[in-house]
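Student: Before anything else, here's the structure in question.
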Amino acid sequence: DAKTTQPPSMDCAEGRAANLPCNHSTISGNEYVYWYRQIHSQGPQYIIHGLKNNETNEMASLIITEDRKSSTLILPHATLRDTAVYYCIVRVARGGGADGLTFGKGTHLIIQP
Amino acid sequence: GAGVSQSPRYKVAKRGQDVALRCDPISGHVSLFWYQQALGQGPEFLTYFQNEAQLDKSGLPSDRFFAERPEGSVSTLKIQRTQQEDSAVYLCASRRGEGTYEQYFGPGTRLTVT
């Protein structure tokens with residue numbers, strides 16, 4: 001799997017857009033970018049995934065650069081409940097039996113009131 | 001609907017004891033995963049089931065760790081002769097099936113070995 005690099009922590013003011021970067025310069029053509037988050041004392045929660053095109057759902061938007069070497073997760077109007085560790089994961093969509101996710105250390109996003 | 005549930009939520013074991021951790025996946029989900037999360041780290045993959053078949057156990061740290069899913073639904077992770085380094089949160093996740101992307105995680109079992 002391609003390695004990802006994320007800043008260890010970020011702050012964002014409540015109500016503002018939170019932009020979380022992720023570098024994945026060794027990503028290969030069949031690897032997707034996934035984002036999960038983990039709120040304190042809970043299990044991780046899926047947010048969004050994408051291959052090439054930008055994606056949006058009810059939780060967030062995912063912007064992937066044209067060369068696919070980096071991406072940004074955008075939470076458009078951050079709330080205090082968005083305080084969590086955010087993980088950027090690069091993985092083939094269907095890896096046969098090897099479907100476990102590699103999480104890394106993620107970015108601890110702290111939303112300030 | 002009901003999500004992934006795990007029991008117990010907390011377990012304290014004396015070094016050398018055997019423990020069994022249970023995971024109830026979302027009903028009908030084909031795929032089931034176990035992860036281990038040490039304090040301050042991201043989850044690390046342990047093993048993967050598709051129905052009752054254990055297709056990947058490459059992440060199990062030693063032969064003291066054993067997982068089963070005999071009827072393709074509930075799964076049990078067993079740790080024999082627990083050691084202090086086994087202290088961690090053990091997370092279970094399920095996925096609807098092949099070709100789907102989202103893994104749904106349970107709240108985890110926090111194991112403390114004293």
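Chains as they are written, first to last, in the numbering used here: chain A, 1 to 113; chain B, 1 to 114.
Ideal placement from N, C-alpha and C gives every residue a C-beta, glycine not left out.
Please read these numbers as outputs of a predicted model, since none were measured by experiment.
State the Cα-Cα distance for the pair arginine 64 of chain B and glutamine 17 of chain B, rounded to the nearest angstrom.
Tutor: Rounded to the nearest angstrom, the two C-alpha atoms are 11 Å apart.
Student: Does DSSP put arginine 81 of chain A in a helix, a strand or coil?
Tutor: Looking at arginine 81 of chain A - three-state DSSP - the assignment turns out to be helix.
Student: Span of the beta strand (DSSP E) holding methionine 10 of chain A?
Tutor: Where methionine 10 of chain A is concerned, the enclosing beta strand (DSSP E) stretches over 9-13.
Student: So which of A/Glu66, A/Met59, A/Ala60, A/Pro44 has the shortest CA-CA distance to asparagine 53 of chain A?
Tutor: Nearest option by C-alpha distance: A/Glu66.
Student: Buried or exposed: glycine 96 of chain A, going by 16 or more other Cβ atoms within 10 Å of its Cβ?
Tutor: Because glycine 96 of chain A sits at a pLDDT of 47, beneath the cut-off of 50, its placement in the model cannot be relied upon, and the point is left open.
Student: Could you say which of A/Glu14, A/Thr56, A/Tyr36 lies nearest to phenylalanine 103 of chain A if we only look at CA atoms?
Tutor: If we check each option's Cα against that of phenylalanine 103 of chain A, A/Tyr36 comes out closest.
Student: Where DSSP assigns a beta bridge to alanine 53 of chain B, which residues make up the other side?
Tutor: In the DSSP output, where bridge partners are listed per residue, alanine 53 of chain B has B/Gln50.
Student: Which one or two residues does DSSP pair with serine 27 of chain B in a beta bridge?
Tutor: Paired residues: none, contrary to the question.
Student: In three-state terms, what does DSSP make of glutamate 55 of chain A?
Tutor: Note: glutamate 55 of chain A maps to strand in three-state DSSP.
Student: Would you mind working out which of B/Ser5, B/Ala88, B/Gly106 sits nearest glutamine 36 of chain B, comparing C-alpha positions?
Tutor: Checked all of B/Ser5, B/Ala88, B/Gly106; the closest Cα to glutamine 36 of chain B is B/Ala88.
Student: At 7 Å on the CB atoms, spell out the chain B contacts of glutamine 42 of chain A, in chain order.
Tutor: Result: Pro107.
Student: Show which residues of chain A have a CB atom less than 8 Å away from the CB atom of leucine 91 of chain B.
Tutor: Ordered by position in chain A, the residues that pass the 8 Å Cβ test against leucine 91 of chain B are Gly43, Pro44.
Student: Tell me, which residues are paired with isoleucine 89 of chain A by DSSP?
Tutor: Answer is A/Tyr34, bridged to isoleucine 89 of chain A.
Student: According to DSSP, is glutamine 117 of chain B helix, strand or coil?
Tutor: Given that chain B is displayed from residue 1 to residue 114, the structure contains no residue 117 of chain B and the question cannot be resolved.
Student: Return no unless some Cβ of chain B is closer than 9 Å to the Cβ of valine 33 of chain A.
Tutor: Judged by the 9 Å Cβ criterion, valine 33 of chain A is not in contact with chain B.
Student: Based on the DSSP output, what are the partners of lysine 11 of chain B in its beta bridges?
Tutor: Paired residue(s): B/Leu111.
Student: When the Cβ atoms of the region 47-54 of chain B are set against those of the region 70-84 of chain B, are three or more pairs found closer than 8 Å?
Tutor: A contact exists between the region 47-54 of chain B and the region 70-84 of chain B.
Student: Residues of chain A with CB closer than 8 Å to the CB of phenylalanine 65 of chain B, please, in chain order.
Tutor: Those within 8 Å of phenylalanine 65 of chain B in chain A number zero; the least Cβ separation is about 14 Å.
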